[in-house]
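Encoded as structure tokens, the structure appears first; notes follow it.
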């Protein structure tokens, strides 16, 4: 049962209605990536990656074939074994996705070789799945998003990060992604060119899924070219979903937290009472008269300013 509906959160809110509920920041990022990845094509891409990893890990012989192909096709690649996808943490999936993207050619060639030497259906099904042009588009879009959030993920897992720093870091990523969304046509054109380059090398035809007259689960967006379809069906929705989730999970309490941090010694000596307006308005019913609170703030500001001056004089 979701914690927003039951559990400790509800008990605390019943007694302390003004208590702010926040997830662990790293968990919030994980939820943002999970929310955005509910787009069917992205979700299917992750399923294929997971199944390919599982297929090669099942037998040592398959792993050896893949290692040999990697050595032949990508001699500079140090990693010779696929990394399994983390089942629960999306933020930990970047290494698996990055490696999968880097060794796509050896993976496909290995599957084709195993298919020739075996009567199993699995290698044929998997090679068919990753030989689809749409799979490459989804993989490159997913990889780009994970590369953008990789640094944020590492920062949010540091021991000494506080909520205000977490929100500031998340806001920086949101600003970057918002700019990418504004320039979606130009940004996707670059990514699409990369997809076309590798698919041409692997002799994979540039095409889009068939359009259905009756649209149900399939994403039949109107488009005049393959590039436009992929941009409108995958890239833009994925960006939009992630940005919206990031705003909801990080920015909803941004103003109050940013305001509250100004009572800390590090900040109060550099600011004025108006910086606390958002926090004061939120907690007003539990506080004294505004002028009393303002005077107390000035007293603390004076105290910390004197201590800072004393430290500097020694």
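Numbering (full-length UniProt numbering), first residue to last: 1 to 314. Heads up, the beta-carbon is just placed ideally off N, CA and C, and yes, glycines get one too.
{"Query": "Where residue 107 falls: helix, strand or coil (DSSP)", "Result": "helix"}
{"Query": "Minimum C-alpha distance to residue 65 - residue among 123, 14, 202", "Result": "123"}
{"Query": "DSSP three-state assignment for residue 300, whether helix, strand or coil", "Result": "helix"}
{"Query": "Straight-line Cα distance separating residue 17 from residue 110", "Result": "59 Å"}
{"Query": "Neighbourhood of residue 53 by C-beta distance below 6 Å, restricted to the same chain and skipping five residues each side", "Result": "82, 84"}
{"Query": "Of the residues 67, 163, 34, 103, the one placed nearest residue 245, counting alpha carbons only", "Result": "34"}
{"Query": "Burial state of residue 29 (16 or more Cβ within 10 Å)", "Result": "buried"}
{"Query": "Every unbroken alpha helix (DSSP H) inside the region 130-216 [4 residues or more]", "Result": "133-156, 163-182, 184-201"}
{"Query": "Beta-carbon contacts of residue 313 that lie in its chain and below 6 Å, excluding the five residues immediately before and after", "Result": "none"}
{"Query": "Reduced DSSP secondary structure (H/G/I, E/B, other) of residue 3", "Result": "Legend: pLDDT at residue 3 = 49, less than 50; position of this residue unreliable, value from coordinates given subsequently. Of the three classes helix, strand and coil, the one that applies to residue 3 here is coil, per DSSP."}
{"Query": "Residues near residue 294 by beta carbon distance below 7 Å, same chain, minus five either side", "Result": "273"}
{"Query": "Neighbour-count burial assignment, residue 284, 16 or more Cβ in a 10 Å radius", "Result": "exposed"}
{"Query": "Extent of the continuous alpha helix (DSSP H) run through residue 231", "Result": "Per DSSP, residue 231 belongs to no alpha helix (DSSP H) and is neither H nor E."}
{"Query": "Closest Cα partner of residue 152 within the set 165, 262, 141", "Result": "165"}
{"Query": "Top-ranked residue by Cα proximity to residue 150, from 162, 169, 311, 185", "Result": "169"}
{"Query": "Distance between residue 112 and residue 217 (C-alpha atoms, nearest Å)", "Result": "Because residue 217 carries a pLDDT of 48, less than 50, the predicted location of this residue cannot be relied on, and the following value inherits that uncertainty. Cα-Cα distance, rounded: 31 Å."}
{"Query": "Sequence-distant residues of the same chain with beta carbon closer than 6 Å to residue 41, five excluded per side", "Result": "138, 234"}
{"Query": "Minimum C-alpha distance to residue 121 - residue among 55, 101, 97", "Result": "55"}
{"Query": "Selection from 21, 291, 27, 73 that minimises the alpha carbon distance to residue 158", "Result": "27"}
{"Query": "For residue 76, the three-state DSSP class (helix, strand or coil)", "Result": "coil"}
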